Every structure is written in C-alpha cells, then in structure tokens.
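Below: one structure, written as structure tokens.
Protein chains: 2
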Amino acid sequence: MRYKAVIEYDGGPYIGFQVQPDGKSIQGTLQKALKTISKGHNIGVHGSGRTDSGVHAKGQVIHFDYPAAISTHGLWRALNSVTPDSIRIKEVEAVEETFHARYHTIGKRYEYHVDLAKYPSPFTAQYMLHHPYSTDVDRMQTALNDLIGTHDFKSFCSTKTDKTDFVRTLTQAQVDYDAENHHLTFTFAGDGFLYNMVRILVGTALQIGDGLRPVDEMQRLLAVKDRNEAGPTAPAHGLYLMAVDYMDRADRDAKVASWEDHRR
Amino acid sequence: MRYKAVIEYDGGPYIGFQVQPDGKSIQGTLQKALKTISKGHNIGVHGSGRTDSGVHAKGQVIHFDYPAAISTHGLWRALNSVTPDSIRIKEVEAVEETFHARYHTIGKRYEYHVDLAKYPSPFTAQYMLHHPYSTDVDRMQTALNDLIGTHDFKSFCSTKTDKTDFVRTLTQAQVDYDAENHHLTFTFAGDGFLYNMVRILVGTALQIGDGLRPVDEMQRLLAVKDRNEAGPTAPAHGLYLMAVDYMDRADRDAKVASWEDHRR
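Residue numbers (my numbering), protein chains in the order written: chain A, 990 to 1253; chain B, 990 to 1253.
Right, here's the structure in full:
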C-alpha cells in the first residue's frame, strides 16, 4: 500500500534530505523509522525533491510503500513516535500505487526569512539569515516583479547541476516586511526550482535592496544566463520548503499512460 | 553614570538570571561582558527580578553603573558584540543615579506559550510547552477572569519563598488560541508576581481547560490559600518575561525621599 505524507523538519542537524554515505539525512532517518515500525522491512522513502544541508521544511512531501495493513492514523502516530523531535509527520494519506512524490509535482513554494535587526534575535538566530543592513524593501519588490513568468533562470542555478533545461515559470516572487520585528520574508512559488535557485535569488535581491546593484538587475541577469553575474548564494538556514503541489489523478494517469506508450 | 537596558534572552542554556556558585547565569554573563568592555572594572548588574533556570525574556530590564564616559549607542553596540547570541541588548538608556531596576517597578507582563499539536513542532519544542490534549479555551478564559483584581495569591506561590505578603493585583489574565498553529498564548500582567506564580496559574488553567478541575476553581483556590490545592508548576521553557513597567521620575523621587525619612 502506498502512502503520501507531509512532513516538517529543522534542517539544522542534518546533512540534507538525501541519504549520503556519511552523516544523518532526513531520508535516512525516515527509512530507519519505517524499518523500526514495520519490524525490519527496508522501505524506500521518496521525497518531492532534495533539500540541502541546513535547509528547513514545513511542507515537504514524501511517499513510500508500507508492506502491512495499517490505518493512516496509526502510521502517522507510529512514525511520529519513533522520529526525533526535529522531524514531524504532519499528515499521512493513502494514495494509489501510481502516485509519485517527485514525478507528479506541478509546483512548489519556498520562503526565505531574514532578520534585519542590528543584532540577531536569540530566538531565531538558527532559523533566519541575519542581515543587519538597512535594505530598501520596495526596491527589492520592484526587482522581484521582473522574475514573474516563464524565463531561463540559468543565472540563478548553481553550476554544480546536471540540468540542461533552465526554463522555469515563477508565479510568485514577493518580499514582505514586518517592521516591528525587523523580519523580512521572501516567498517564491513556481512550477519548479533549479539547484540553489531560491538562495541565489535572495542573495541577489538583498544586494539590490542594499543598493549594491541596480533595480533592473534581474532583467539583465535573466538575459545574460551566467551564474557568475548573479549575487551570492544566501545561507541554507533561512530557507524553508513550504508546500508542494501535485497534479490531480486524471493528469497523473495520463502521464503514466504516455510513459507506458513511450516504453513500448 | 547609571544606565538602564532592556534585554532579551533564550533562558535554555542558563541556570537562571541570578549569579549562582555554579553554572552560567544571565547576570554573570552580563557582568563578564561589562568587565570586558570596561577593561577590567567589576560592574554589578541589577535586574527587575530573577527569572528561573530555562525561563526566557523578551523584555527584562537591568541597570548598572558604568565608570567611563560612553554614548548609549556605543554601550549598546559594545555589549551586543561581547555577549553570546543567546542574549541580546535591545535598548540602552542613560538614567539618573536614583533609578533602580528592581525597586521602581510598578508592573510586569509575562507570556506563557503552549503547543497543543499532537506532536511538537520541530521549530518550537524548546520554546513552548507541548500539551497534546484537546483543551477548552473558553473554559480557561472564564476561569482566568476570576483572577483579575487584587487577591491573596498564596495558593499560586511556591512554598520555597521568603515572602509573607501574597496580595497582588492582576490587570490581565488572558488566553488566546491560534487554531491554525495549535498555539495557545497566556498573558498575565499585574503589579508584581510571586515565586512561580505564572507557571502555577498556567498549570492550573490547563487542568481546568482539560476538564480535570471545575471552571470556578480559581475562586476556590484564591480563598483556600494553599499551594498544595493548586495545579502543577508548568515547565520553565514556555515562560517569557515580556515587559517591565516603571514609576515615573516624580514617584521615584518621592520614594527615595520617604526612604531617606525612614532611615533618619
């Protein structure tokens, strides 16, 4: 039986989502938890995508096949009981066997949090980038507006990628400022994100806000298609994967059918 | 020159506000910081009151006498540079020599945060009490309303106190629920608080909300004046000292004058 689960995690103590030869990963921790509750079965966990070391999630989605009959409530409860406090299973849902947490995504939403206070808050230092500069929020929003739509985002993709298609569609690129708490929140939503894309977008937007780059810089970077021209990669600990959207059943079935045609 | 400062701290790594023979305290850490920036002077730090081990603050107030001429901005900056990330100096203000962070308080405000989710959030486990029960918020608010006004709060004071006067005035006793985040916030404001008073009030209110005690229980507890009759002391890590209010200059001077009269 296949299950889909929505999970959140504090990425701080982990080497990232994906299992690696050394270190503790989210995927590995979940697989270990499933092995414990299934009394020894090796159950593979598939995520909607990787998150890097230190990146947090409030709405990561996974799927896995559980070998025994168990209620979604029982599975949710058992998983939460054996995972550490840094990982929480928010929801578990039974899905058809064709559902895939990675292949059937149609969109993702990320947030990036920045503390603009002169000295970082004791309560958020591990959960927000500390950027103690007077940044022009309106200027950043004007620049971010140029990113909306379908573009080649090669300038905003780490060169350590194996992707060759850099065209993505952004539906939201927004910055909000909570003046009372000196708290800046970036929100990016789109059909897919390249490696380090949100962190490079934030690193570049902050330089625009700080006056280090012109306000029409995003247009130039989209045109030039060169990672070296964009700003720095903002640190991992400010980034949160907030939500993953999936195609509906009919579209999934159509995708499976076309894949079957393709293999024939 | 005397300075007043508003500070916030994550109480988790500390044995409490007050210097103790063993362990790291907020007061001791601040005194060490002042010694560093004053190049060796032993400068005493006076708080508005103690906070226990693990209790947090977002608006604790201190005063101290600095032996050299320095701007408030310079002092704020220097202190933040030498204190750990778990302590932040929010504001520094020069005050007259008669100001005292403890003797001139006229009120304090505390918050207590509770996570009602079935499993604790990875992001708040150290900063909120995890209480995974379905609690009746309206029932708690009805009970809390009985606390407003001037009462003998002996039932809500740890027996480890040296106080003999248990009469205090509460001006606010409120509980708010953020259903989306399963987040319960208690707010208590008044002219002064007894040892463990907020934590015992919260421990009792949660038992009322959980249906373990009747809704008019607070009235009975105020009348019975017996710590053993009240609920448990809620854990330290959900409690925050939010603000300290002070009498104005004229009242302070009058208090000094009456004190001088008294000594004569």
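Think of the CB as a built atom: it goes at the ideal place given N, C-alpha and C, for glycine as much as any other residue. No experiment lies behind these values; they were computed from the predicted model shown.
- Residues of the region 1072 to 1091 of chain A with a Cβ closer than 8 Å to any Cβ of chain B, in chain order: Asp1074, Ser1075, Ile1076, Arg1077 and Ile1078.
- With its beta carbon at least 8 Å from every one in chain A, B:Asn1217 lies outside the interface.
- Inclusion of A:Gly1036 and A:Gln1049 in the CB contact set at 8 Å is warranted, their separation being smaller than that value.
- Beta-bridge annotation (DSSP): B:Phe1053 is paired with B:Tyr992.
- Considering only beta carbons, the part of the region 1099 to 1125 of chain A lying closer than 7 Å to chain B consists of Tyr1108, Pro1109, Ser1110, Pro1111, Phe1112, Ala1114 and Tyr1116, in chain order.
- DSSP places A:Leu1211 inside the alpha helix (DSSP H), whose first and last residues are Glu1206 to Val1213.
- For A:Gln1130, the enclosing alpha helix (DSSP H) begins and ends at Val1126 to Asn1134.
- Only those residues of the region 1046 to 1071 of chain A whose C-beta falls short of 7 Å from the nearest C-beta of chain B are listed: Asn1069.
- Counting along the chain, the unbroken alpha helix (DSSP H) around A:Val1191 starts and ends at Met1186 to Gly1198.
- Tyr998 and Asp999: these are the residues of the region 998 to 1029 of chain A whose beta carbon lies less than 7 Å from some beta carbon of chain B, given in chain order.
- With a threshold of 16 other beta carbon atoms within 10 Å, B:Glu997 meets it and is buried.
- Note that the region 1130 to 1146 of chain B touches the region 1156 to 1164 of chain B; at least 3 beta-carbon pairs, one per stretch, sit closer than 8 Å.
- Three or more pairs of CB atoms, one per stretch, sit closer than 8 Å, so the region 1207 to 1219 of chain B contacts the region 1183 to 1199 of chain B.
- DSSP places B:His1226 in no alpha helix (DSSP H); its state is neither H nor E.
- Within the same chain, Cβ atoms closer than 6 Å to the Cβ of A:Leu1211 are found at His1140, the five residues on either side in sequence being excluded.
- For B:Gly1038, the closest C-alpha among the options B:Val995, B:Gly1063, B:Lys1079 and B:Arg991 is that of B:Val995.
- Here the alpha carbons of A:Gly1198 and A:Leu1228 stand approximately 19 Å from one another.
- Note on B:Leu1201: under 16 other CB atoms within 10 angstroms of its CB, so exposed under the neighbour-count rule.
- DSSP places B:Gly1179 inside the beta strand (DSSP E), whose first and last residues are His1172 to Gly1179.
- Here DSSP, grouped into helix, strand and coil, assigns A:Lys1013 to coil.
- For A:Trp1065, the CB contacts under 6 Å within the same chain, skipping 5 residues up- and downstream, are Ile1078 and Val1081 in chain order.
- Judged by DSSP in its simplified three-state form, B:Ile1004 adopts coil rather than helix or strand.
- Inside the region 1051 to 1085 of chain B, DSSP marks whole beta strand (DSSP E) runs of 3 or more residues at positions 1076 to 1084, from first to last along the chain.
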